[in-house]
Amino acid sequence: MRVLVTFAVEAEFAPWRKLRGFEKMTKGKAQFFRARIGASEVNVLLTGVGGKNAWLQATKVICDGEVDFCISSGLAGALRPEYHLGDVLAAKEVQAVGSQRVVAADARLVRLAEEHGARAVDSFYSADRVIGLATEKRELGRLADAVEMESGAVLYEAAAFGAKGIAIRGISDAADQDLPLDFNRVMTSTGEVSIPRVLGEMVRHPLSTAALVRFATQSRAAAEKLAAFLDRYVQAVGSSMSTTSGAVAR
Numbered sequence: 001m002r003v004l005v006t007f008a009v010e011a012e013f014a015p016w017r018k019l020r021g022f023e024k025m026t027k028g029k030a031q032f033f034r035a036r037i038g039a040s041e042v043n044v045l046l047t048g049v050g051g052k053n054a055w056l057q058a059t060k061v062i063c064d065g066e067v068d069f070c071i072s073s074g075l076a077g078a079l080r081p082e083y084h085l086g087d088v089l090a091a092k093e094v095q096a097v098g099s100q101r102v103v104a105a106d107a108r109l110v111r112l113a114e115e116h117g118a119r120a121v122d123s124f125y126s127a128d129r130v131i132g133l134a135t136e137k138r139e140l141g142r143l144a145d146a147v148e149m150e151s152g153a154v155l156y157e158a159a160a161f162g163a164k165g166i167a168i169r170g171i172s173d174a175a176d177q178d179l180p181l182d183f184n185r186v187m188t189s190t191g192e193v194s195i196p197r198v199l200g201e202m203v204r205h206p207l208s209t210a211a212l213v214r215f216a217t218q219s220r221a222a223a224e225k226l227a228a229f230l231d232r233y234v235q236a237v238g239s240s241m242s243t244t245s246g247a248v249a250r
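Numbering (this note's numbering), first residue to last: 1 to 250.
Next comes the structure, spelled out in structure tokens:
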């Protein structure tokens, strides 16, 4: 059973990588990480932040047809007050704002996630920029349960090549919490966080330092909980899922 798990950045993957000792691999132009977990061969791909980068990277791996299941994972912001820091959410569908598509997850993957401790929710909003203000989150909360930036592109690509897909995210910031920086200003064109740009923002906004440290602590804790869930989940996928039917894009 071949499972592809995508994260935007290394920090989201780091706790799971430490837990399982993933081996770094190269195939053509794609670099990824591999581990055997139960009956599953698990490949992890770091896509960079944003739908365009996620699509470009995911295409390198998915297009050869060697993926049975695709999990778009990482961290997300809560859009509703009932979701708390560290919660693991599994979405029944993803709204991709940039492409104006809705991608439905495989229903059995959602049920399996719920059985193993995730909260099944109706929808993720896959945004084309970082949503950092609580006021923006409240508005988007009318449309979806959590916000992230990659799942729409990743799951659309998975569906196009017949892989079953699901988006599973750990909550790193609450619906009423402003992010400490405008992260749109610190991203590179390849979707990576530029440390020099972060430092520059901290110099311009010195009062943001304490909030940034708190956010980093929250994110690390959420990533650790997500890693523990994913480790259980991919074992369950390998032992209980067949490879018929997949995600549906519309």
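Where a beta carbon is used, it is the ideal one built from N, C-alpha and C, also for glycine.
query	result
Could you spell out where the beta strand (DSSP E) holding L199 opens and where it closes?	Segment 195-204 is the alpha helix (DSSP H) holding L199; no beta strand (DSSP E) there.
Using only the alpha-carbon positions, how far apart do S245 and L207 sit?	Residue confidence for S245 is low, a pLDDT of 46 falling below 50, so the modelled location carries little weight and cannot support an answer.
Just to confirm, is the Cβ distance from S73 to V94 under 8 Å?	no
Check this for me: beta carbons of G50 and E150, under 8 Å apart or not?	yes
Looking only at its chain, what residues have a beta carbon closer than 7 Å to the beta carbon of R288, apart from the 5 residues adjacent to it on each side?	As displayed, the chain neither begins before 1 nor continues past 250, which places residue 288 out of reach and without an answer.
Quick check on this structure: which residue in I37, E12, A107, A11 has the alpha carbon closest to the alpha carbon of G21?	I37
Among G238, A159, S219, A227, which has the Cα closest to the Cα of W16?	A227
Which same chain residues end up closer than 6 Å to T209 when comparing Cβ atoms and leaving out the 5 residues on each side of it in sequence?	M202
Find out if the Cβ-Cβ distance for the pair A96, V110 is shorter than 8 Å.	no
Within 10 angstroms of its Cβ, does E82 collect 16 or more other Cβ (buried), or is it exposed?	exposed
So the alpha helix (DSSP H) Q218 belongs to, where does it begin and stop?	209-240
Can you tell me which of the three DSSP states F22 falls into?	coil
Taking 6 Å as the limit between beta carbons, can you name the residues of its chain near N43, skipping five residues before and five after?	L4, F32, R34
At which residues does the beta strand (DSSP E) containing P46 begin and terminate?	According to the sequence provided, residue 46 is Leu. The question's Pro does not apply to it. Its beta strand (DSSP E) spans residues 40-46.
Roughly how many angstroms lie between the CA atoms of D257 and V130, to the nearest whole one?	Any answer about residue 257 is impossible in this case: the structure gives the chain only from 1 up to 250.
Return the first residue and the last residue of the alpha helix (DSSP H) that L109 is part of.	107-115
Helix or strand or just coil, what does DSSP make of G152?	helix
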